[in-house]
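One structure is given here, and the rest of the page talks about it.
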Amino acid sequence: MRRSNLPAELNRFVGRDAERAELDGLLAEFRLVTVVGVGGVGKSRLAVNVARAAQKRYCDGVRLADLGRLRDPGLVEHALVEALGLTDQTSRPPREVLVDHLADRTLLLVLDGFEHLVDACADLVRRLLCGAPGLTVLAAGRRPLHLDGEAVLPLPPLSDEDAVRLFTDRAVAARPEFCAEEEGEPVRELCRRLDGIPLALELAAGRLPALTVEQVLSRLDDRFRLLTHGTRGAPARHRTLRTAIGWSHELCTPQERLLWARLSVFAGPFDLDAAEYVCGGPQLPADRVLDVLGGLIAQSVVLREADAAGSRYRMLDTVAAYGAEWLAALGDAERVRRRHRDWYMGLATWCELEWFSPRQAEVAACADDALPNLRAALELCLETPDEAHLAQHMAGTLWFYWVGCGRLAEGRHWLDRALAPGSGPGHEEARLKALWVLGYVAILQGDATAAMRALHECGERAARGRNALALAYTTHRLGCLALLSDEMPRAEELLDGALASYRELGELNSQVLMAQVELAIAKVFRGDLESAVALCEDVREVCEERGERWTRAYALYVLAYTAWTRGDHGEARGLLAECVVIDHAFHDLVGLVLAIELLALVTASEGDPAEAAVLQGAAGSLWEAVGPPLFGSAYFGAPRALCERRAREVLGAERFGAYVAEGGRLSVDAAVARALAGREGGAASADRPRDGSAPASKTRKPAGSPTGKGGETAG
Numbered sequence: 013m014r015r016s017n018l019p020a021e022l023n024r025f026v027g028r029d030a031e032r033a034e035l036d037g038l039l040a041e042f043r044l045v046t047v048v049g050v051g052g053v054g055k056s057r058l059a060v061n062v063a064r065a066a067q068k069r070y071c072d073g074v075r076l077a078d079l080g081r082l083r084d085p086g087l088v089e090h091a092l093v094e095a096l097g098l099t100d101q102t103s104r105p106p107r108e109v110l111v112d113h114l115a116d117r118t119l120l121l122v123l124d125g126f127e128h129l130v131d132a133c134a135d136l137v138r139r140l141l142c143g144a145p146g147l148t149v150l151a152a153g154r155r156p157l158h159l160d161g162e163a164v165l166p167l168p169p170l171s172d173e174d175a176v177r178l179f180t181d182r183a184v185a186a187r188p189e190f191c192a193e194e195e196g197e198p199v200r201e202l203c204r205r206l207d208g209i210p211l212a213l214e215l216a217a218g219r220l221p222a223l224t225v226e227q228v229l230s231r232l233d234d235r236f237r238l239l240t241h242g243t244r245g246a247p248a249r250h251r252t253l254r255t256a257i258g259w260s261h262e263l264c265t266p267q268e269r270l271l272w273a274r275l276s277v278f279a280g281p282f283d284l285d286a287a288e289y290v291c292g293g294p295q296l297p298a299d300r301v302l303d304v305l306g307g308l309i310a311q312s313v314v315l316r317e318a319d320a321a322g323s324r325y326r327m328l329d330t331v332a333a334y335g336a337e338w339l340a341a342l343g344d345a346e347r348v349r350r351r352h353r354d355w356y357m358g359l360a361t362w363c364e365l366e367w368f369s370p371r372q373a374e375v376a377a378c379a380d381d382a383l384p385n386l387r388a389a390l391e392l393c394l395e396t397p398d399e400a401h402l403a404q405h406m407a408g409t410l411w412f413y414w415v416g417c418g419r420l421a422e423g424r425h426w427l428d429r430a431l432a433p434g435s436g437p438g439h440e441e442a443r444l445k446a447l448w449v450l451g452y453v454a455i456l457q458g459d460a461t462a463a464m465r466a467l468h469e470c471g472e473r474a475a476r477g478r479n480a481l482a483l484a485y486t487t488h489r490l491g492c493l494a495l496l497s498d499e500m501p502r503a504e505e506l507l508d509g510a511l512a513s514y515r516e517l518g519e520l521n522s523q524v525l526m527a528q529v530e531l532a533i534a535k536v537f538r539g540d541l542e543s544a545v546a547l548c549e550d551v552r553e554v555c556e557e558r559g560e561r562w563t564r565a566y567a568l569y570v571l572a573y574t575a576w577t578r579g580d581h582g583e584a585r586g587l588l589a590e591c592v593v594i595d596h597a598f599h600d601l602v603g604l605v606l607a608i609e610l611l612a613l614v615t616a617s618e619g620d621p622a623e624a625a626v627l628q629g630a631a632g633s634l635w636e637a638v639g640p641p642l643f644g645s646a647y648f649g650a651p652r653a654l655c656e657r658r659a660r661e662v663l664g665a666e667r668f669g670a671y672v673a674e675g676g677r678l679s680v681d682a683a684v685a686r687a688l689a690g691r692e693g694g695a696a697s698a699d700r701p702r703d704g705s706a707p708a709s710k711t712r713k714p715a716g717s718p719t720g721k722g723g724e725t726a727g
């Protein structure tokens, strides 16, 4: 008998280095290893590849039993007899023949495609492992066998890099003149859209003799019709994408199929509470969702991911698309989509309330995680003109995410759409909130015209409707606009008025504290440092009581500014370091770039113009993502201008430009690390001139105090 009946590979095995090593290690440690994953992810290919490499460890060889074509559980034992090359014409049961044959052999048995026969296979494998101590079983299927001693290896889709390598390899075979470098981003996008599923990538590559990559991409909305005609000789379940996914569908119970269909409305990761609310209903009570979800996870239809926040679940796009077809066929899509929308409306409301709490970082992470689903909910609101008010409410409620977590452009997108002419009738309160939030976002984007238009409409509507709270927010944002427009007396007047209204209404949240910080900034710029410090120390105290960190960072920026003005560079640096950490954690690039620019000035004032220039270059690179440097404000731009003047004066234009260019090449993470390293981390490399002479920053008296250099200040 041949030592192996493994098929020869007809094309190159691509990628999976980590998974191959992990599977080989499991085979060395466990007697039963099962590779599980969604249809088409490459379980069979990986199992055969690793089994072939491991042959030398099994003196009696490696045998493959492909059970995919069987339908009768009673034939499983006969199939294994055939795979082992045995001939037995006695009346003994096949199971007995197998046990006798394997009892004293050291052999690796590979079982492929067993998922539809899992009960019969599990019973037989248990018996064989008990009766044959030298036997190791490597199984590949869409669900585990659930036996004692089983090691399970979930097989994810290919990494982005491996997916491109596999697609390119198969594309060249289909069209020899294909060049991945010339195709570039379309190839990467295609691989992403196909979830890195090897079968889908190979089927897509098979279309290249007739279509370009861009044409394949444009037809992916109907991927099941496009990705057909697999290679001859492949198992029937692997010849088209539809049959690969449909094979899993056939193995599901009626309730599992129903949950699969309903879960397709999720656009990204979801948790159990969301699944129970959205998918519970007729034929599937909410209290049954967990058990049914477990069945889908066991069959690799749903993927489970665990992090510090708990378990999250997701479906690959291809699997979800199959479920969406079934949901539409059931006529239940509209109802389930609305329940999905309602859940994420509620989530957005919870996040806004919890933003002003010690859970602020958790809220930011939650919103990041939920973003694809929040987008889907907003999209549904906008599909029906009569529900424009829901889009306005939701887009306004997410102000903390748009502004506090670096999502200004996306926030502007949804707010503009929700408030667009012809978007349908709205509820006045929802429209007012969307208007002042739009004004806020537009201000931070430097679009004063759009901000003024939105705030003017908001103010007029709020006055007519006697909505005092909306008027207070409008006044606040007009004060912010005046602040960034260098109209300091008007900014003070408006912000004072907004804060008085907030106190009268009993309003206290991050927005109210931000108004206090903005008023402090106006006072700093007008030279009233004592009042500014008092305002920001009060904000700092409230933030500590409430666990609020985002507004705290802006208060620290003002306190650092006043510390620098007093000549206390050490205190300023410490405050700015905390500010940088918070802004970076929340992806607030506006706050981050302001902090790094002021830190550059502090560094120059400490006598290290070279490192100051590096930090200024890093800030300049960040401004490209934020927009024009605070929209031309002379007050906000003063630290940058003063730092440049001082550093250029010491270093000379050429060396200053070289250090700035060095900083401009830093990524955001690297820029933050450089800023936090301080003089201990940055000076060793940055303050040494490239011409090898003594560091110029050490050859002159530090000019860091407000009275140095003729008493100049940043303000």
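Each residue of the sequence shown is one higher than the one before, starting from 13 at the first, in our numbering. Just so it is clear, CB atoms sit at the ideal spot from N, CA and C, and this is done for glycine as well. The model shown is predicted, which means the values in this text are computed figures rather than measured ones.
Separation of the CB atoms of residue 417 and residue 379 is rounded to 7 Å, and the pair is thereby assigned contact status at 8 Å. Per DSSP, residue 637 lies in no beta strand (DSSP E) segment; the continuous alpha helix (DSSP H) that holds it begins and ends at 621-638. Between residue 71 and the set 121, 405, 130, the nearest pair of CA atoms involves 121.
Rounded to the nearest angstrom, the gap between the Cα atoms of residue 164 and residue 290 is 30 Å. About 7 Å separates the beta carbons of residue 356 and residue 382, which is inside the 8 Å limit, making them a contact pair. Considering only 125, 580, 620, 536, the residue with the shortest C-alpha distance to residue 79 is 125. Scanning 370, 349, 364, 363 for the CA closest to the CA of residue 392 turns up 349.
Its chain contains 571, 574 as the residues whose beta carbon lies nearer than 7 Å to that of residue 545, once the 5 sequence neighbours on both sides are disregarded; these appear in chain order. In this structure, the alpha-carbon of residue 28 lies about 46 Å from that of residue 622. For the pair residue 412 and residue 470, the CB atoms are not nearer than the 9 Å cut-off.
When the Cα atoms are used, residue 496 and residue 459 turn out to be separated by approximately 11 Å. A residue is called buried when at least 16 other Cβ atoms come within 10 angstroms of its Cβ; residue 69 does not meet this threshold and is exposed. Excluding five sequence positions before and after residue 405, the CB atoms of its chain that fall closer than 6 Å to its own CB belong to 442, given in chain order. Distance from residue 335 to residue 276 at the Cβ level is roughly 3 Å; contact confirmed, criterion being Cβ atoms closer than 8 Å.
Around the Cβ of residue 658, a 10 Å sphere holds 16 or more other Cβ atoms; the residue is buried. Bridge pairing for residue 162: 44 [DSSP].
Beyond the five residues adjoining it in sequence on each side, residue 88 comes within less than 7 Å, by CB distance, of 79, 82, 129, 132, 133, 136 in the same chain, given in chain order.
Taken atom to atom, the span from the alpha-carbon of residue 338 to that of residue 332 is near 10 Å. The three-state reading of DSSP puts residue 135 in helix, counting H, G and I together. DSSP places residue 153 in the uninterrupted beta strand (DSSP E) bounded by 147-153.
If you draw a straight line from the Cα of residue 401 to the Cα of residue 297, it is about 31 Å long. Using a Cβ distance threshold of 9 Å, residue 211 and residue 49 do not count as a contacting pair. For residue 124, the enclosing beta strand (DSSP E) starts and ends at 119-124. Here residue 99 is exposed, its C-beta having fewer than 16 other C-beta atoms within 10 Å. Note on geometry: alpha-carbon atoms of residue 310 and residue 41 lie some 23 Å from one another. Apart from sequence neighbours up to five positions away, the residues of its chain that approach residue 595 with a beta-carbon distance below 7 Å are 565, 603, 604, 607, ordered along the chain.
Taking each of 315, 205, 209, 340 in turn and checking the Cα distance to residue 270, the smallest one comes out for 340.
Contact between the segment 500-511 and the segment 530-538 is present, with at least three C-beta pairs closer than 8 Å.
For a cut-off of 8 Å, the C-beta gap from residue 672 to residue 628 is around 6 Å, short enough to register as a contact. In the assembly as shown, residue 421 is an exposed residue. Its beta-carbon has fewer than 16 other beta-carbons within 10 Å.
With respect to residue 433, residue 315 sits apart: the two C-beta atoms are not nearer than 9 Å.
Per DSSP, residue 394 is one residue of the alpha helix (DSSP H) stretching across 372-395.
Within 10 angstroms of the beta-carbon of residue 517 lie fewer than 16 other beta-carbons, which makes it exposed. Under the three-state reduction of DSSP output, residue 428 falls in the helix class. Secondary structure at residue 412: helix, using DSSP grouped into helix, strand and coil. Inter-residue distance for residue 32 and residue 154 is about 18 Å (C-alpha atoms, whole angstroms).
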